[in-house]
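This report concerns only the one structure given below.
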Amino acid sequence: MAVCARDNVIRNLEENLVFREYISVSEELEHEKTDICTQDVNLTYSDICLDPQNYLSNWDESHSPCQFHGVTCDEISGEVTGVSLSNASLSGTISPSFSVLHQLHTLDLSANSISGTIPAALTNCTNLQVLNLSMNSLTGQLPDLSSLLKLKVLDLSTNGFSGAFPVWISKLSGLTELGLGENSFDEGGVPESIGLLKNLTWLFLGQCNLRGEIPASVFHLESLGTLDFSRNQMTGVFPKAISNLRNLWKIELYQNNLTGEIPPELAHLTLLSEFDVSHNQLTGVLPKEIASLKKLKIFHIYRNNFYGELPEGLGDWEFLESFSTYENQFSGKFPANLGRFSPLNAIDISENYFTGEFPKFLCQSDKLQFLLALSNNFSGEFPTSYSSCKTLERFRVSQNQFSGSIPHGIWGLPNAVIIDVADNGFIGGISSDIGISATLTQLLLQNNNFSSELPMELGNLSQLKKLVASNNRFSGQVPAQIGNLKQLSYLHLEQNALEGSIPPEIGLCNSLVDLDLAENSLSGKIPDTVGSLLMLDSLNLSHNMISGGIPDALQSLRLSYADFSHNNLSGPIPPQLLMTAGDDAFSENSDLCVTDTSEGWRQSGTSLRPCQWIDNHHSFSRRRLFAVLIMVTSLVVLLSGLACLRYENNRLEDFNRKQDTESGDDSDSKWIVESFHVRGVNPSAALPKIFCQCYPNPTTLLFIFSCPGLPYSLKAREESDVNSSLVP
C-alpha cells in the first residue's frame, strides 16, 4: 500500500509538472522547447502562458503541485482535482495536456485573456463537473462535450465561439448552470430539447444570435432561478407561462422584439428580484398586481410602449434599488411614496408624460446617485427634500415645467457629475455653493429665468467640461475665474444681460472648442488671448457692443464657424478669418473694412467695403463737417447783427419820439437800412465772436454801427432822405 501510494504521488507530481510546463510564464522558456517525460505520456512543450500578475510565481520544483496557486488536490490520493485561476490576467492557449488530469473536477480559467480553441482532448476529463472558460478570447467551433456527463456547470459565455448552436447540450442532463451567451453562433432558434435540462437553475443565452419564440419547454424548467435571453431577436407575445417558474428570481429579456402586455400572472413569481424587459415592443397598462412583488430590487421596462398611470402600490416596495421606465408613454401622477421605504440608488423616468408635483421621497434613504426625470410635465416648485441628497451624481430634471428657485443644497452636490435643470421656469441665481460641486463635468441651465451675477466660485469647478447658461437673465460681468477651467470645452452664455469686457483670462481655457457670448451687452475689445484657444472650432460674439479691432491672432485658429456681426468693431478684418467666416459674420459693424490687396479680398469675393474707401469717406466727411461749421457760424453772426440793429433802431425811434414830443412835432421820423456792405470777407473764413455798437449823430442824422473785428460798417438815414447810403 505504501509503495502504491508513493507511486500515485510520483505520478501525480509528474502529471502536475507536465501541467506546470504548459502554463509556465518563465521568460527563459519563451523560445525553448523541453521534453517532459512521464510514466504514461511523452509531451513536447509548445504553449507559453504570460502571467503579468505573477499568480504562478510558486509554480516551481521547490513546491509541491498541491501548493501551487489555484491548484487543489485530493487529500487522500494527492491527485489534482481542481485548477482555478480566474481573473489572473493570464494569456496564451489551453494545452491538451489537461487531458492527463483524469481526476480533475473543476477547471476555472474565467476572466483572463486566453485565446485559441478548446482542445478536443478535454473530453478525456470525464470526471469534470465544473468547466468555466467564460470571459476570454476563445474562438472556433465548440467541440462536442456531451461525453462529460458529470458536468454540472458549463459556462463558455463571453468569448468568440462560432458555428451552429450546440444541440448536444441537451445530453448533459446533470447541468444546473449553462452559460453560452455573448458568442457569435450562427443565427438560429433555441432547440426545444433544451427543456430536457430539468435541473437547470441558471440559463444564460443572451446575445448569441438567437431568434424566434422562446420554446415552450423552457417554461417547464421548474428549478430555474435565472432566465436570460437578452439581446437577441426573440419574437412573440410576452409568455404568460413564465408564471409557472415559481423559483425565478431574475428575468432578463431586454433588447428583443417581444410584443403584447405584461400579464397579471407575473405577480405569482413572489421570489422575483430583478425584472428587465426593456427595449422591446411591449405595450398596455401595467397590471396593478405587480405591486405585490415585494422583493423586487431592479425594475426596468424602458423603451417600450407602455401607457397609463403607474400603480400607486409601487411606492410600497421595500427593496427597490433601480427603477427605470424612460421612453414610454406613462402619464398622470407619479406614485408619491416611491423610494420612501426602499434603498433606491437609481431612477430614470425620463421621456414620459408624468404630471403634477415631483415625488419627494426618492432620496429618503440617502443612497440615491442617479436621478433622471427629464422631458416630462412635472410642475410646481422642486421639493426642498433634495437639498440634503449629497449622494447624487447625476441630477437631470430638464424639459419640465418647474418654477421657483432651485433648493439651496442642490447647487453644492459634492459628488455630482452633471446638474441639468435646463428648459424650465426656474428663477433666482446660482448659489456660491456651486464651488462645492468640484467633480462637476456638466452644468446645464439654459432656457430658464435665472438672474443675478455668475458667481466667481464657478472657477472652482476644475473638472467642468460643459457650461450652458444661455437664454436667461444673468447680469454683471463674465467672471475672470472662468480662466481656471482648463477642461472646459463648451461655454454658452448667449442671450443674457452680461456686460463689461470679455475677461482676457478666457484665453487660459485651452480646451475650449465652442464659445458663444452672443446677444449680451458686452463691451470693450476682443482680448488678444482668444487667439491662444487653439482648439476653438466655433466662436460667436455677435449682437454685443464690442469695439476696437479684431485681433490678428484669431487668424491662427481653425474655426469652422465665427460671427462678429452687430457690434461696434472697426479696422481691417484679418483676411484668413474673412475667408473662413464669410461676409455675414462681420455685418452691422460700420467701421470694419477689408484690405483690398489681401489674399482674403481676392478669394472671398466679399461685398464689404475696402479700408481705402472708408478712409476717403472719413476724410470727405471731416471736410464737409468743417464747411458746415463755418456756414453756421456766419449765419449766427449775421443774425446777431440784425438783432442788434433792430434793437438800436427801436431805441432811436423812442428817442426821436421823445424829442418830437418835447418840440411839439408829433410826426414820425423813420430810418431805414439801405444796404449792407462786406469788405473783402472770405465767406469760408472762421469768424470771431462779434459785439456791435451803434453811434447816433444828431447833427447829421446819421447812425453809424461799428462791429470791431469785422471789415464792414453800416449807416442808416432817415427814410425821407432819398440820398442816404452805406459808407464803407
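For the sequence shown, this note's numbering begins at 378 and goes up steadily by one. Every residue gets a Cβ at the ideal spot worked out from N, C-alpha and C, and that includes glycine.
In this structure residue 730 is exposed. Its beta-carbon is surrounded by fewer than 16 other beta-carbon atoms within 10 angstroms. Residue 506 is classed as buried because its beta carbon has at least 16 other beta carbons within 10 Å across all chains shown. In the displayed model, residue 512 falls within coil according to three-state DSSP, outside both helix and strand. In summary, residue 469 is buried, with 16 or more beta-carbon neighbours lying within 10 Å of its beta-carbon over all protein chains present.
By the beta-carbon neighbour count (other beta carbons within 10 angstroms, threshold 16), residue 919 is buried. A distance below 7 Å separates the beta carbons of residue 680 and residue 655. Beta-bridge partners assigned by DSSP to residue 757: 779.
In its chain, beyond the 5 residues on either side, 515, 516, 517 have a beta carbon closer than 7 Å to the beta carbon of residue 494.
According to DSSP, residue 898 shares a beta bridge with 876.
Residue 661 is bridged by DSSP to 683. Restricting attention to 708, 705, 698, 703, the CA atom closest to the CA of residue 715 is found in 698. For residue 955, the enclosing alpha helix (DSSP H) begins and ends at 952 to 958. For residue 986, there is no enclosing beta strand (DSSP E), as DSSP marks it with neither H nor E. In the structure shown, residue 925 adopts extended strand secondary structure according to DSSP, grouped into three states.
7 Å or more divides the Cβ of residue 642 from the Cβ of residue 665.
The shortest CA-to-CA distance from residue 751 to any of 710, 799, 794 is the one to 799. When the Cα atoms are used, residue 708 and residue 702 turn out to be separated by approximately 11 Å.
In the same chain as residue 705, and ignoring 5 residues on each side of it, the C-beta atoms closer than 8 Å to its own belong to 678, 679, 680, 681, 682, 683, 684, 728, 729, in chain order.
Between residue 925 and residue 971, the alpha-carbon positions lie close to 15 Å from each other.
Ranked by how close their Cα comes to the Cα of residue 620, the residues 652, 612, 611 have 652 in first place.
The alpha-carbon separation between residue 687 and residue 726 amounts to approximately 11 Å. Taking the CA atoms as reference points, residue 778 sits about 27 Å from residue 661. Per the DSSP secondary-structure output, residue 450 pairs in a beta bridge with 457. DSSP places residue 444 in no beta strand (DSSP E); its state is neither H nor E. Per the DSSP secondary-structure output, residue 938 pairs in a beta bridge with 915.
Cβ atoms of residue 875 and residue 898 come within 8 Å of each other, at about 7 Å. By the Cβ neighbour-count rule, residue 442 is buried, with 16 or more other Cβ atoms within 10 Å of its own.
DSSP places residue 788 outside any beta strand (DSSP E), giving it a letter other than H or E. Residue 554 is bridged by DSSP to 530, 579. The segment 891 to 908 makes contact with the segment 923 to 939; the number of CB pairs closer than 8 Å reaches 3 or more.
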